[in-house]
Structures are given as C-alpha cells and as structure tokens.
Amino acid sequence: MKQYVIDGFTLKDYTALKHYFDTYLEAATVGGIYWLELDSGILTETQAGHKACAPHVFALMLEETALSCELLVRIKKNIKCDCMGYATAEQRNWLVDWADAVLEKLSICI
C-alpha cells in the first residue's frame, strides 16, 4: 500500500492529534482509523460521477508515534468500484497540505 507517513510524535503530539481527529473526522469501526473526506473540487471525473459512492475518503491511521495516510481513495459503501484508486497528484498534494496544516494548527513540529 502506498502511504504518506509522519512519525516521531511525542505523547503530547499524539494526544493533540487524537483529540483533533475525534472532533473533526469520522472514526472507522477499527480503532485508530479515521476517514478524511476529499474536497469535491479535486475528485476525478469518474469519482465525481459516482454520486452513490460518495463520500470519497482517505484512511488515516493514528498511532502513538506516527500518522499513516493511505494514498488510496476509498469509498465506504462498497468494497470495490471503478471510482476507487490511488490518489492523483492533485489529491496527494491536497492530503499532504491538509496534514501539514493540522500539524501547524496544533503546533506540532516534526
């Protein structure tokens, strides 16, 4: 699986990120996994056309020392669909920018 990983968190960093994610993201049924919904403006033509599959999401796994962001655009309603696939360059950059902004907002320096 392709991932964007940020590691080296302290317990204070982890606690701040967990609180932020618990407040602003949807938790998956598996502990430590959160869903980050993609901005509708960066969906591919296929993803945008699959309204019944929405929302399109990235899976984020928060652990005590690291955050792993899958670079696979997923859907939560089905296991497989043509609108799922690895992130485009624009989607990947959006995810990295989002993660950087959250770290900055929480004053987490890595």
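Start counting the sequence shown at 1; every next residue gets the next number (the working numbering).
Each residue gets a CB set at the ideal place from its N, CA and C atoms; glycine is no exception.
Taking 8 angstroms as the limit between beta carbons, can you name the residues of its chain near residue i, skipping five residues before and five after?
i, result
"A28", "Y34, W35, A59"
"D82", "T46, H50"
Looking only at C-alpha atoms, which of the options sits nearest to residue i?
i, options, result
"K76", "H56, D100, A89", "H56"
"Q91", "I110, V102, S40, K12", "S40"
"C69", "C83, T10, A87", "A87"
In its own chain, which residues sit with a C-beta less than 7 angstroms from the C-beta of residue i, not counting the 5 before and 5 after it?
i, result
"K6", "The sequence given here places Ile at residue 6; Lys does not occur at that position. Taken in chain order, the residues that qualify are A66, L67, A99, I110."
By Cβ distance below 6 angstroms, which residues in the same chain neighbour residue i in space, the five residues on each side in sequence not counted?
i, result
"M61", "G32, I33, S68"
Mind pulling the beta strand (DSSP E) runs of 3 or more residues that sit fully within the segment 18 to 93? Contiguous beta strand (DSSP E) elements confined to the segment 18 to 93 occur at 33 to 37, 56 to 62, 66 to 70, 72 to 75, taking only those with 3 or more residues.
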